[in-house]
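Number of protein chains: 2
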Amino acid sequence: MEKIDGNKLRGHLDAMVLSVLDQRDAHGFEIMQQIEKQGSGALHMKEGTLYPALYRLEEAGLVKAQWEDDTSSRRGPRRRIYHITVKGKKELNRQRVTWRQFVDVVGNIVEAPK
Amino acid sequence: MEKIDGNKLRGHLDAMVLSVLDQRDAHGFEIMQQIEKQGSGALHMKEGTLYPALYRLEEAGLVKAQWEDDTSSRRGPRRRIYHITVKGKKELNRQRVTWRQFVDVVGNIVEAPK
DNA sequence: CAAGGTATTTAGTCTGGCATAATACCTCCA
DNA sequence: TGGAGGTATTATGCCAGACTAAATACCTTG
Numbered sequence: 042m043e044k045i046d047g048n049k050l051r052g053h054l055d056a057m058v059l060s061v062l063d064q065r066d067a068h069g070f071e072i073m074q075q076i077e078k079q080g081s082g083a084l085h086m087k088e089g090t091l092y093p094a095l096y097r098l099e100e101a102g103l104v105k106a107q108w109e110d111d112t113s114s115r116r117g118p119r120r121r122i123y124h125i126t127v128k129g130k131k132e133l134n135r136q137r138v139t140w141r142q143f144v145d146v147v148g149n150i151v152e153a154p155k
Numbered sequence: 042m043e044k045i046d047g048n049k050l051r052g053h054l055d056a057m058v059l060s061v062l063d064q065r066d067a068h069g070f071e072i073m074q075q076i077e078k079q080g081s082g083a084l085h086m087k088e089g090t091l092y093p094a095l096y097r098l099e100e101a102g103l104v105k106a107q108w109e110d111d112t113s114s115r116r117g118p119r120r121r122i123y124h125i126t127v128k129g130k131k132e133l134n135r136q137r138v139t140w141r142q143f144v145d146v147v148g149n150i151v152e153a154p155k
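As given, the protein sequences belong to chains A and B, one line each in that order.
Heads up: the first sequence begins at 42 in this note's numbering, then just goes up one per residue.
Heads up: the second sequence begins at 42 in this note's numbering, then just goes up one per residue.
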């Protein structure tokens, strides 16, 4: 499947991240993989895109992050586990409404018959 | 109805303009009005957005423009009438496929149940 | 001739997704 | 013992394109 142009994702990424975190807590790398996976191969989320988005969401109080207790003998560096807040859930609900409206309105124009 | 954030429109505007022109030839101002109208009031297309987009489309050979013969006694300045080209129609078809894919893929993530 | 709706052009700003690279941690294996 | 490779985060700077804003111009009406 063809990759979706990044420009088209502008403004929709926050909703995607919140939705993934609404399913379960996750660290950055995991969110990236989850989005790629659920995106049927049409999305290629990169670090430079995801992490700044997470910082924005944290700044806005929509998610909280905490460093994982690194007692385990997992390989790799410590991870920041992200968790959606109550405020974040409310925002996600709003974003979902907005998403449906967007699809409706833009779809109505793009798909307009002659 | 709440206005859709301009960021969300990035990358989708060309398809909207082409689709409007696929319905009938129109001048810039008319396209703006048409999009606002078909957008159920949720879109507020402004000149600074539309005209540069039209120049890009013309540059790319997707639309052709010609100055209206101003024989009539209409009020206002001369208008540039835009017309979709064969290349533009092909592009519109591609964009429609892309649009459906976008809605599918992003919707699948944004609307994902817990 | 000023006011107001129509129509286009242009200049400049800003958001946010992208590419790239640096850093670091851990395991495995030569 | 060190380098290859997968995991994970941080930081820098680029750039497309939608936005705001204002200038210009045309025609009608009061």
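Glycine included, C-beta positions come from ideal geometry on N, C-alpha and C.
Please read all numbers here as calculations on a predicted model, not as lab measurements.
Spell out whether any CB of chain B is found under 9 Å from the CB atom of residue i.
i	result
residue 124(A)	no
residue 90(A)	no
residue 152(A)	yes
residue 140(A)	yes
residue 110(A)	no
residue 87(A)	no
residue 48(A)	yes
residue 98(A)	no
residue 101(A)	no
residue 94(A)	no
Are the beta-carbon atoms belonging to residue i and residue j less than 9 Å from one another?
i	j	result
residue 71(A)	residue 103(A)	no
residue 35(B)	residue 76(A)	With chain B running from 42 to 155 in the structure shown, residue 35(B) is simply not present.
residue 120(A)	residue 51(B)	no
residue 139(A)	residue 49(B)	yes
residue 144(A)	residue 144(B)	yes
Quick one: measure Cβ to Cβ for residue i and residue j, integer angstroms, because I've assumed they're closer than 8 Å.
i	j	result
residue 152(B)	residue 137(A)	7 Å
residue 129(A)	residue 59(A)	6 Å
residue 91(A)	residue 73(A)	5 Å
Under a three-way DSSP split, which group does residue i fall into?
i	result
residue 97(B)	helix
residue 131(A)	helix
residue 122(B)	strand
residue 78(A)	helix
residue 106(A)	strand
residue 56(A)	helix
With 9 Å as the threshold, decide whether the Cβ of residue i is near any Cβ in chain A.
i	result
residue 131(B)	no
residue 52(B)	yes
residue 80(B)	yes
residue 42(B)	yes
residue 73(B)	no
residue 128(B)	no
residue 66(B)	no
residue 137(B)	yes
residue 70(B)	no
residue 155(B)	yes
residue 106(B)	no
residue 134(B)	no
Using a threshold of 8 Å, is the CB atom of residue i nearer than that to any non-hydrogen atom of the ligand FMN?
i	result
residue 65(A)	Looking for the ligand FMN in the displayed structure turns up nothing, as the structure carries no ligands at all.
Evaluate contact between the region 115-129 of chain A and the region 57-69 of chain A, counting only Cβ atoms and requiring at least three cross-stretch pairs below 8 Å.
-> yes
Touching or not, the region 84-100 of chain A and the region 46-66 of chain A, by the rule of three or more beta carbon pairs under 8 Å?
-> yes
Touching or not, the region 44-51 of chain A and the region 74-86 of chain A, by the rule of three or more beta carbon pairs under 8 Å?
-> yes
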